[in-house]
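Chemist: Here it is: the structure, laid out below.
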Amino acid sequence: MSGVCEETTVDWRGRPSNPTKHGGMKAATFVLGIQSFEIMAIAAVGNNLITYLINEMHFSLSKSANTVTNFVGTVFLLALLGGYLSDSYLGSFWTMLIFGFVELSGFILLSVQAHLPQLKPPPCNMLTDGEHCKEAKGMKALIFFVALYLVALGSGCVKPNMIAHGADQFNQDNPKQLKKLSTYFNAAYFAFSVGELIALTILVWVQTHSGMDIGFGVSAVAMAMGLISLVSGTLYYRNKPPQGSILTPIAQVFVAAFSKRKQVCPSNRQTLHGSQSNAPNNHVTLSSDTGSLLHTEKFRFLDKACLKIQDGRPHTKESPWRLCSVTQVNQVKILISVVPIFACTIIFNTILAQLQTFSVQQGSAMDTQLTKSFHIPPASLQAIPYIMLIFVVPLYDTFFVPFARKITGHESGISPLQRIGFGLFVATFSMVAAAIMEKKRRDSDKTLSIFWITPQFLIFGFSEMFTAVGLIEFFYKQSLKGMQAFLTAMTYCSYSFGFFLSSLLVSMVNKITSSSSNGGWLHENDLNKDRLDLFYWLLAALSFLNFLNYIFWSRWYSSNSTSSSTSHLEIHAEDYNHYSFNNTKNVGADDNIP
């Protein structure tokens, strides 16, 4: 049995990295810096953007809301582009550096536009004189949208690479490094929490009291600090070189399997053995290394991509669109098998959407007074879970993980799938708490304090610590060695789908319940007339059903992984074992399979 080849990493000059000089937590710390500053910059813009659109650009409420929604959705969808460019052509470091400056230019342009009166419509109070306010159009609107979507493009492409590049600093083939990798994922979420907390408190306060031009300028400064942090670690990074197009090998497997759909796979799976070296010389593989990968029995129709049909010319090489290696096919199988796990987090992010919309409206209908002269902005309630998390995350990594590690033997304490599942289960109680508090608010004879709705934020923040980090760790640790950034980007798409599903649910619920005497659960703008509590109960039920659905798919994934690992059908780089359709013997290999 051949040994597993270690992954290839290089330093900033393209030379092989030195384990004593490159990588590790020291290098990852610089990446944590840009992660904290970047989320700080964009969260401050996103949380107050609707206020700027209404008060300064004089957009209508519906247009402002759609603009914010489209912006957030675009950021998360563009994460796929960032992951693709990183894994295929640029690498994580250069993708972050290039698109980090794109994001910075967007913040600067937003600040300039907010500062110069000639780039905005004439001042006007939308509350008292809204009909006569002139909406920003033409060049003024164009400059704004160019600036906004420069931020979206930059942030979307930077986000998945921050996690991936930080995790790349740890060698997964080293048990000690693998334990530190788990610590890094927790540290990354801690950095995210700190950035969000500062954005929701200090930066939002600056925007409110000093103007949006200063607020956008502060976001630009924060982004510049993040880029400085990134560049400062250049000498310490271990970089994974890009692999060429990551989508072409995936397409090749499906095309090859479809072209041979009428063929029959052999009952002896060992005859399908092959490796990356089997493919034609110009073949681009999905994996950067030639280590062993276990053959799986999942999605057996894809195995037909490995069938070699003899045409009388034994030494003729087939096109990579007709013949694929087993390693290549198995990596496509892995990619397909993680999709159900990803899909189970969409409902989770639909709940997050409620905390950023309806729960803020709940707070607006409650007593926000903290002292005689200070009132809590309802939007600042989103900072509550991050205050908790900056204390809980270090405690989790310092005490719980080592304790659980002794019991389970897992380097992360509990497996990523267990961590995701626990978070999905806890999220249900966030909506239960929200429903109970909303019923209490509606039935109360007096205005309740805004602090009554803090439990739903705290519970969801606790569940997010498990689900969000577990999902990122789960995706990153898949055997797709050349696709870490792209897989990380998929976790961000879950946010986009979750927010879209939220909008769809609201529309469906209103349509279905419109026959009631109240005209729908969420038909009015007055929460005292709406039945938000029933909508929360519906989400709680959907969340619990989603948890049960997740249990099914996680067991399906685990059982398939277990059956694969017990099959002992390992693939090695020296094997040359494509199956010959007209001959039961392997082409170019010995009859005996190791």
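One point on numbering: in my numbering, the residue at position 453 of the sequence shown is 457, and numbering is uninterrupted. Note that the Cβ used here is the ideal one computed from N, Cα and C, for glycine as well. Since this is a predicted model, take the numbers as computed values, not measurements.
Name the residue from 267, 97, 503 whose alpha carbon lies nearest to the alpha carbon of residue 164.
Modeler: When only C-alpha atoms are compared, the closest one is 97.
Chemist: Alpha carbon to alpha carbon, how far is residue 95 from residue 19? Give it in angstroms, no decimals.
Modeler: C-alpha separation (whole angstroms): 15 angstroms.
Chemist: Quick one: using the 10 Å Cβ neighbour count with 16 as the cut-off for buried, is residue 418 buried or exposed?
Modeler: It counts as buried.
Chemist: Go ahead and label residue 535 buried or exposed: buried means 16 or more other beta carbons lie within 10 angstroms of its beta carbon, across all protein chains shown.
Modeler: It is buried - the Cβ of residue 535 has at least 16 other Cβ atoms within 10 Å.
Chemist: Between the Cα of residue 138 and the Cα atoms of 542, 236, 199, 57, which residue gives the shortest distance?
Modeler: Out of 542, 236, 199, 57, 57 has the C-alpha closest to the C-alpha of residue 138.
Chemist: Is it true that the CB of residue 490 sits closer than 9 angstroms to the CB of residue 241?
Modeler: Not closer than 9 angstroms, so no.
Chemist: Looking only at DSSP bridge pairs, what is residue 353 linked to?
Modeler: Residue 353 pairs with nothing; no bridge assigned.
Chemist: By a C-beta neighbour count over all protein chains shown, 10 Å radius and 16 as the cutoff for buried, is residue 268 buried or exposed?
Modeler: Its Cβ having fewer than 16 others within 10 Å, residue 268 is exposed.
Chemist: Short check: CB of residue 339 to CB of residue 367, under 9 angstroms?
Modeler: Cβ distance not < 9 angstroms, so residue 339 and residue 367 don't count as in contact.
Chemist: Can you give me the Cβ contacts of residue 135 inside the same chain, cut-off strictly under 6 angstroms, excluding the 5 residues immediately before and after it?
Modeler: There are no such residues.
Chemist: Can you check which of these residues, 217, 322, 173, is closest to residue 1 by C-alpha distance?
Modeler: Since the first and last residues shown for the chain are 5 and 598, residue 1 lies out of range.
Chemist: So, for residue 476: in the same chain, excluding its five sequence neighbours on each side, which residues have a beta-carbon less than 7 angstroms away from its beta-carbon?
Modeler: Correct list, in chain order: 167, 189, 492, 495.
Chemist: Have a look at residue 369 and residue 539 and give me their C-alpha separation to the nearest angstrom.
Modeler: So the two alpha carbons sit approximately 17 angstroms from each other.
Chemist: Quick one: using the 10 Å Cβ neighbour count with 16 as the cut-off for buried, is residue 177 buried or exposed?
Modeler: Residue 177 is exposed by the Cβ-count criterion.
Chemist: Considering residue 497, what are the terminal residues of the alpha helix (DSSP H) in which it resides?
Modeler: Where residue 497 is concerned, the enclosing alpha helix (DSSP H) stretches over 488 to 517.
Chemist: Report buried or exposed for residue 92, applying the criterion of at least 16 other Cβ atoms within 10 angstroms of its Cβ.
Modeler: Buried is the call here.
Chemist: Could you give the DSSP three-state label for residue 381: helix, strand or coil?
Modeler: In the structure shown, residue 381 sits in coil (DSSP, three-state: anything other than H, G, I, E or B).
Chemist: Check each candidate in 511, 531, 506, 303 and name the one with the smallest Cα separation from residue 547.
Modeler: Closest option to residue 547, Cα to Cα, is 506.
Chemist: Buried or exposed: which applies to residue 428, given that a residue is buried once 16 or more other Cβ atoms fall within 10 Å of its Cβ?
Modeler: Buried.
Chemist: Can you give the Cα-Cα distance for residue 67 and residue 257, rounded to whole angstroms?
Modeler: Rounded to whole angstroms, residue 67 to residue 257 spans 44 angstroms at the Cα level.
Chemist: Measuring CB to CB, does residue 207 end up less than 9 angstroms from residue 223?
Modeler: In this structure, residue 223 lies closer than 9 angstroms to residue 207 by Cβ.
Chemist: Do you know how far the Cα of residue 404 is from the Cα of residue 175?
Modeler: Looking at the two C-alpha atoms, the distance is approximately 23 angstroms.
Chemist: What does DSSP give as the partner residue(s) for residue 20 in the beta ladder?
Modeler: Per DSSP, 14.
Chemist: Extract the residue ranges of the alpha helix (DSSP H) inside the segment 108 to 159, only unbroken runs of 4 or more that lie entirely within it.
Modeler: Those alpha helix (DSSP H) runs which fall completely within the segment 108 to 159 and span 4+ residues are 130 to 133.
Chemist: With residue 51 as the anchor, note down where its alpha helix (DSSP H) starts and where it stops.
Modeler: Unbroken alpha helix (DSSP H) run through residue 51: 28 to 59.
Chemist: Thinking C-beta only, is residue 478 closer than 9 angstroms to residue 350?
Modeler: No, the pair does not count as a contact, with Cβ atoms beyond the cut-off.
Chemist: For residue 37, which residues from the same chain have a beta carbon less than 6 angstroms from its beta carbon, with the 5 sequence-adjacent residues on both sides left out?
Modeler: Excluding residues within five positions, the ones whose Cβ falls inside 6 angstroms are 233.
Chemist: Excluding the five sequence neighbours on either side, which residues of its own chain have a C-beta within less than 6 angstroms of the C-beta of residue 226, listed in chain order?
Modeler: Counting only Cβ-Cβ distances below 6 angstroms, and skipping sequence neighbours, we find 41, 44, 45.
Chemist: Look up residue 243 in the DSSP assignment and say whether it is helix, strand or coil.
Modeler: In the structure shown, residue 243 sits in a strand (DSSP, three-state: E or B).
Chemist: How far does the alpha helix (DSSP H) with residue 213 in it reach, from first residue to last?
Modeler: Residues 208 to 214.
Chemist: Can you look up residue 173 in the DSSP assignment and give me helix, strand or coil?
Modeler: It is coil, neither helix nor strand.
Chemist: If you follow the alpha helix (DSSP H) that residue 445 is part of, which residue opens it and which one closes it?
Modeler: Where residue 445 is concerned, the enclosing alpha helix (DSSP H) stretches over 420 to 447.
Chemist: Hey, residue 415 and residue 266: beta-carbon distance below 9 angstroms or not?
Modeler: No, the Cβ-Cβ distance between residue 415 and residue 266 is not below 9 angstroms.
Chemist: Looking at residue 488 and residue 321, is the spacing between their C-beta atoms short of 9 angstroms?
Modeler: No.
Chemist: Got a sec? Which residues, its chain only, sit under 8 angstroms from residue 454 by beta carbon, not counting five neighbours each side?
Modeler: 367, 370, 371, 372, 380, 382, 385, listed in sequence order.
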